[in-house]
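Peer 1: Protein chains in written order, with my numbering: chain A, 1 to 283; chain D, 1001 to 1283; chain L, 2001 to 2108; chain Y, 3001 to 3108.
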Ligand SMILES: [Zn+2]
Ligand SMILES: [Zn+2]
């Protein structure tokens, strides 16, 4: 059980001093972070920087989900792990790195594959959910579990030189299904293992996910309209912010009369395995 | 002496496989990184992610300059250090973290204050220089040393919720003095210790600095015009890319008839000490 | 015949369908007509069909859906806004519009 | 008298001089004149003086330089371009322009 507090300790004030003095954040913002719990799903390219920065920033309780183990080919981008941890659970490795930076953060490693059988109680026990996964099936799973649990979902993705960032199910904005009611054809989906990725691209997006989660926790910019931030690392204008639709009243998940009321089989829904490491390449 | 190679080893190919397969980067891009040396000046909020990602990505030789030691109040943003390293040289701590991730990267810790007496030979021994410092005097010093040494300068800065990113002295673009010929009044300059900073803001900018350095090394987007990327973490549109002037022919440093031909006293020039930890606050 | 100047952009991998071009300036007719529909101002439905026919090099099923729209997993932007805000398929394309086709990414 | 609608923006700490507002829409005269200069279309020099006089709450020396320009360390943008590309102080302000004043940051 996660106990909230009414004031920060002196060691916390010393540690977070540079954030405490920020106008528009302050002691209250830091206390909001301390009393917030967040779940990062995926301790890979996106989850690595996200966990480092959220743990360091003073989030009270940080869950990290990953079923995979550290491999040498991860280390060009997953900078929360290191060479000596090859073969270790990624969730445990990430938790260890966060604890070394900030023992005040209560880190929980969930060394498991998130699926319809176990996702809902885990999602329900956190305030903000961060999608740092690498496949379409888990993205629909997280979306639906966040709608059912009433949690904002900070979604990031990265591939090759490109990245995308959106907050779903937050203050009247859309859910993932409002934008993408039908899963993409399996042959158009590729992951970083197969399509490749410039390591620092998920670095940028993972940092931005941490930022958005902090802004939600500290109630900064609550009046912002829903947007998607699009990152093209090899374009001369690297970022583009686009205005998104609101929640769709006819969405089968978050609409006025939802027809999905519990988690389904997302692997079948997407026609590709969430843990399948060799889907068809996009082209 | 930094020895270049003509091909990657098998362990390197295994480690960087996800980058090697990237169209527009490939084996040649990875080899360009391996044969490039980069110097990060500052192992603080900007230098932390920058060093992690450049070291992990496969830069052949990575220098890290910092004269400071790890303090608990750094850890909310300087995620390359950790609590057990309090009091350790930041340059050494950062180098240690990079070596743990990637032993192929030849990391050199420069535990010193960079000034006019020592900067030029250090700058001259690297290919790309990254400005991750926290004061105006060192920014002018680095600019001038990069002009004199003919090195591109990837400059980042961060304060409160704001960040800025520019490449100076690169392919006909401006130098720092082309944009800012006169130093700002000392009372308008503040650093992160005094003004505060949201930890993940230098995280984002430091990642982008690593990205720009990689793009220079791998010759990606050589035809881009000079720009500045402006980051406002608490605005609804977080990024803005602005088109910058070209090199100014009358610049006293990089112009057609430069009047500065060796490094000067930058602390006096800026009217504030590079290591002064308590300048006047901006407002 | 009057034409519209449109800037088409491709991101998130869509550019791989267009010979790796991230931006293509095109001129398209300002009106369309076919057996089913009277002559009418060019809308997104027409633009998508025109793009599939004239620009997609191969495997048009990776661009087109079944209903005259794009396939699932592609987000369309009209001048930096989600096209749903503009009327989706019925949006009448304007001279100078910037239309972006983004493939959603799932990697991480 | 004719006026121009201008959007002024402040970033990098400049907003602290403007009551913490990051964006202010203003209407300014389309021409200026003073003893030294004949009546002329409003340029950046006029806009800077007008902004200092009408909008800066206190300590105008943190905004103004000595030569009618902004102080050193402030970068000015005209419609997302460095104002140096547009003529700096002599640029004639247009109705609908977006002018940004950015204070350079030195922290890290
Ligand atoms: Zn929905
Ligand atoms: Zn210059």
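Cβ atoms here follow ideal geometry from the backbone N, Cα and C, with glycine treated the same way.
Under the rule that 16 or more other beta-carbon atoms within 10 Å means buried, what is residue 1266 of chain D, buried or exposed?
Peer 2: With 16 or more Cβ atoms within 10 Å of its Cβ, residue 1266 of chain D is classed as buried.
Peer 1: Report the CB separation of residue 189 of chain A from residue 132 of chain A in whole angstroms; it is logged as a contact under 8 Å.
Peer 2: That pair is no contact at about 17 Å.
Peer 1: Is the shortest distance between the beta-carbon of residue 2052 of chain L and the beta-carbons of chain A less than 8 Å?
Peer 2: It does not; no Cβ of chain A falls within 8 Å.
Peer 1: By DSSP, does residue 1061 of chain D sit in helix, in strand, or in coil?
Peer 2: In the structure shown, residue 1061 of chain D sits in a strand (DSSP, three-state: E or B).
Peer 1: So what's residue 2010 of chain L in DSSP terms, helix, strand or just coil?
Peer 2: The answer is strand: DSSP assigns residue 2010 of chain L an E or B state.
Peer 1: Going by alpha carbons, who is nearest to residue 209 of chain A out of A:221, A:53, A:86 and A:140?
Peer 2: For residue 209 of chain A, the nearest C-alpha among the options comes from A:53.
Peer 1: In chain order, what residues place their C-beta within less than 5 Å of a heavy atom belonging to ligand 2?
Peer 2: Result (chain order): D:1175, D:1177, D:1178, D:1251, D:1253 and D:1254.
Peer 1: Using DSSP's beta-bridge definition, name the partner residues of residue 247 of chain A.
Peer 2: Residue 247 of chain A is not bridged to any residue.
Peer 1: Have a look at the DSSP bridge pairing and note the partners of residue 155 of chain A.
Peer 2: Answer is A:131 and A:166, bridged to residue 155 of chain A.
Peer 1: Residues of chain D with a CB under 9 Å from the CB of residue 3019 of chain Y: which are they?
Peer 2: Here the premise fails: no neighbours, minimum Cβ distance about 11 Å.
Peer 1: Identify the residues that DSSP records as bridge partners of residue 2106 of chain L: which are they?
Peer 2: Residue 2106 of chain L pairs with nothing; no bridge assigned.
Peer 1: Does any residue of chain A bring its CB to less than 8 Å from the CB of residue 1221 of chain D?
Peer 2: With 8 Å as the cut-off, residue 1221 of chain D counts as an interface residue toward chain A.
Peer 1: Given a cut-off of 8 Å on the beta-carbon distance, is the pair residue 1051 of chain D and residue 1113 of chain D in contact?
Peer 2: No, the Cβ-Cβ distance between residue 1051 of chain D and residue 1113 of chain D is not below 8 Å.
Peer 1: Between the stretch 3086-3097 of chain Y and the stretch 1165-1179 of chain D, do three or more beta carbon pairs fall short of 8 Å?
Peer 2: Segments in contact, no.
Peer 1: Between the Cα of residue 2008 of chain L and those of L:2016, L:2038, L:2041 and L:2026, spot the shortest distance and give me the residue it belongs to.
Peer 2: The candidate whose alpha carbon is nearest that of residue 2008 of chain L is L:2026.
Peer 1: Under the rule that 16 or more other beta-carbon atoms within 10 Å means buried, what is residue 1049 of chain D, buried or exposed?
Peer 2: With 16 or more Cβ atoms within 10 Å of its Cβ, residue 1049 of chain D is classed as buried.
Peer 1: Do you know how far the Cα of residue 228 of chain A is from the Cα of residue 1123 of chain D?
Peer 2: If you take the alpha carbons of residue 1123 of chain D and residue 228 of chain A, they lie about 40 Å apart.
Peer 1: Using a Cβ-Cβ cut-off of 8 Å (strictly less than) and excluding sequence neighbours within five positions of residue 1119 of chain D, which residues of its own chain qualify?
Peer 2: Closer than 8 Å at the Cβ level, and outside the excluded window around residue 1119 of chain D, lie 1141, 1142, 1145 and 1263.
Peer 1: Quick one: list the residues of chain A neighbouring residue 1233 of chain D, beta-carbon separation under 7 Å, in chain order.
Peer 2: What residue 1233 of chain D touches in chain A: 211.
Peer 1: Does the beta carbon of residue 159 of chain A come closer than 8 Å to any beta carbon on chain L?
Peer 2: Taking Cβ atoms only, chain L reaches closer than 8 Å to residue 159 of chain A, which makes this a yes.
Peer 1: Candidates Y:3049, Y:3030, Y:3013 and Y:3084: which alpha carbon is nearest residue 3003 of chain Y's?
Peer 2: Answer by Cα proximity: Y:3030.
Peer 1: For a contact meaning CB atoms closer than 8 Å, what does residue 243 of chain A contact in chain L?
Peer 2: Ordered by position in chain L, the residues that pass the 8 Å Cβ test against residue 243 of chain A are 2080, 2081, 2082 and 2085.
Peer 1: Using a beta-carbon distance cut-off of less than 7 Å, what residues from the stretch 129-140 of chain A approach chain L?
Peer 2: For the stretch 129-140 of chain A, which is checked against every Cβ of chain L, the residues closer than 7 Å are 132, 133, 134, 135, 136 and 139.
Peer 1: What do you get for residue 79 of chain A, buried or exposed, if any count of 16 or more other CB atoms within 10 angstroms of its CB means buried?
Peer 2: Burial call: buried.
Peer 1: Ignore the nearest five residues each way along the sequence and tell me which others in residue 246 of chain A's own chain have a CB closer than 6 Å to its CB.
Peer 2: Correct list, in chain order: 172.
Peer 1: Bridge partners for residue 1033 of chain D per DSSP, in chain order?
Peer 2: For residue 1033 of chain D, which the question treats as bridged, DSSP gives no partner whatsoever.
Peer 1: Between D:1110, D:1057 and D:1025, which lies nearest to residue 1066 of chain D when the distance is taken from Cα to Cα?
Peer 2: Ranking D:1110, D:1057 and D:1025 by Cα distance to residue 1066 of chain D puts D:1110 first.
Peer 1: At the 8 Å Cβ level, is residue 2004 of chain L part of the contact set with chain A, yes or no?
Peer 2: It does not: the Cβ of residue 2004 of chain L has no partner Cβ on chain A nearer than 8 Å.
Peer 1: If you measure from the beta carbon of residue 77 of chain A to each beta carbon in chain D, is any gap under 8 Å?
Peer 2: Residue 77 of chain A counts as touching chain D.
Peer 1: Could you check what DSSP says for residue 2020 of chain L in three-state terms: helix, strand or coil?
Peer 2: Of the three classes helix, strand and coil, the one that applies to residue 2020 of chain L here is coil, per DSSP.
Peer 1: Could you work out which residues of chain A lie near residue 1103 of chain D, taking near to mean beta carbons separated by less than 8 Å?
Peer 2: Simply 83.
Peer 1: Residue 3069 of chain Y versus chain D: which residues are under 7 Å apart at the beta carbon?
Peer 2: Simply none; closest approach about 11 Å.
Peer 1: Using 10 angstroms around the beta-carbon of residue 1274 of chain D, count the other beta-carbons present and answer buried if the total reaches 16, otherwise exposed.
Peer 2: Residue confidence for residue 1274 of chain D is low, a pLDDT of 47 falling below 50, so the modelled location carries little weight; the figure read from the coordinates is stated next. Under this definition residue 1274 of chain D is a buried residue.
Peer 1: Does the separation of the CB atoms of residue 1018 of chain D and residue 76 of chain A fall below 8 Å?
Peer 2: It is a contact, given that the beta carbons lie within the stated cut-off.
Peer 1: Using 8 Å as the threshold, is the stretch 159-173 of chain A in touch with the stretch 203-223 of chain A, meaning 3 or more CB pairs across them?
Peer 2: The stretch 159-173 of chain A is in contact with the stretch 203-223 of chain A.
Peer 1: So within the stretch 1193-1242 of chain D, which uninterrupted alpha helix (DSSP H) runs reach at least 4 residues, ignoring any that extend past its ends?
Peer 2: Here the runs fully enclosed are 1200-1217.
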